[in-house]
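Using the working numbering, the first residue of the sequence shown is number 1, and each one after it goes up by one. Don't be surprised by glycine CBs; every beta carbon is placed ideally from N, CA and C.
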Amino acid sequence: MKQTWNAQQYQENASFVAELGKPVLSLLEPKPNETILDLGCGDGILTEKISKLCSQVKAIDSSESMIESALSRGLDAVLMSGTDIIYRNRFDAVFTNATLHWISDQDALLNGVYKCLVDQGRFVGEFGGRGNIQTLISAVEDVVKRNPDMGTFSNPWYFPSVDEYKNKLQENGFQINSIKLIPRPTPLQTGVKEWLKIFTNYIIADMPKKLEQSFLCEVENAVREKLYSDERGWVADYVRLRFHASKI
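Given below as C-alpha cells:
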C-alpha cells in the first residue's frame, strides 16, 4: 500500500515539520512581485506564510486530505504529483519542504520543476539527506524482518548525499547556489509511536490489526536507548539536505 496522509493527524503530531521549515522559507526570500509554486504544500501552513510575501502562490500536493486543508485556508491549491507538474515557464521560484524524499523518480520531478520555472528562476528546498532517521529505519526493518506476519519493509525514502543531489540537479539543468547537509535532532512531542503511525502508515495499513500495537511497541523499545532521555524526551535523528538552485 502507498503512503497516505491525514491532515488533522499531521497537524496534531507533526507540526514540527512546518515550524522547522522556516529557515528554508528565509532562504527562498519571496519578493512582492513574484509568483511562486509550493511543491508538496502539505496542510498549507508554510504556503500561507509565502502568500503574504509574494504576489501569488500556487500549491500542489498528491494528498487529497492535505489539499482540502490548504483550500480551507483560502489558498490556491490543486491535487497534483510532483512528477506530473503541468505548468510551463510560469513561476519565479519553486519552494519545497519535507517532500522530495518521498519521490522516487527524481528526474521526472526535476524536469517538471525546470520547465515550470522562468529563466533564472529559483528552486529552493529542504528534505531528508544521507543518514536521516537511520535509527528509526533500522529498527523498523529489523522488527518487520523478525516478524514475517507483519508484512515486508520496502524503504520508500530517498535520502541522498550532497554530491549525489548536486549532480542530480546539475544533470537536470540547474546551477547550484548552495547545498549542504544539516544534522537536525528533532523533538517528537507526541512520541515515537505517533510518528510511526504517520510516517510508516504504508506498513501499518497492510498489517493484521492485532499486530499493530506489537509493531509500535517493538520499534519504540528498539530505538529507546538512542532516541530517548528523561531530560529531552523523544528526539529523532533527522538530517536535512537544504539547497538553493537556479534554472540556467
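CB-CB length for residue i against residue j, believed under 8 Å
i, j, result
"T47", "D92", "The pair is not a contact, with the Cβ atoms about 15 Å apart (cut-off 8 Å)."
"L110", "V94", "Not really, about 10 Å apart at Cβ, beyond 8 Å."
"I133", "A236", "6 Å"
"R184", "V223", "Contact flag wrong, Cβ pair sits at about 17 Å."
"P192", "E220", "A small correction: the amino acid at residue 192 is Val; Pro does not occupy that position in the sequence shown. About 5 Å separates the two Cβ atoms, so the contact holds."
"G21", "E126", "7 Å"
"K49", "L25", "6 Å"
Limits of the alpha helix (DSSP H) - the one that residue i falls within
i, result
"K146", "Looking at the sequence provided, one finds Arg at residue 146 rather than Lys. 134–146 is the extent of the alpha helix (DSSP H) around R146."
"Q120", "No alpha helix (DSSP H) contains Q120, which is instead part of the beta strand (DSSP E) from 117–128."
"A70", "64–72"
"K166", "162–171"
Among the options, the one whose alpha carbon lies nearest that of residue i
i, options, result
"M80", "K58, K145, N97", "K58"
"L211", "V144, I182, R242, Q175", "V144"
"A108", "W5, L169, W234", "L169"
"P148", "I179, Q120, P208, Y10", "P208"
"D142", "Q56, I67, F215", "F215"
"L227", "Q189, R242, L241", "Q189"
"N33", "L39, C54, H244, C41", "C54"
"P187", "I86, R122, W234", "W234"
"E68", "Q56, I85, N201, C41", "C41"
"S63", "Q175, S72, V78, R73", "V78"
"E225", "A139, K197, H244", "A139"
N-terminal and C-terminal residue of the beta strand (DSSP E) that residue i is part of
i, result
"Q213", "No beta strand (DSSP E) holds Q213; the alpha helix (DSSP H) holding it covers 212–227."
"W234", "233–236"
"N177", "174–183"
"N201", "Here N201 belongs to no beta strand (DSSP E); instead the alpha helix (DSSP H) covers 201–204."
"K247", "239–247"
"A77", "76–79"
"N97", "91–97"
Cβ contact (3+ pairs, closer than 8 Å) linking the region 97–115 and the region 152–170: yes
Length-filtered (4 minimum) alpha helix (DSSP H) runs lying within the region 23–58: 45–51
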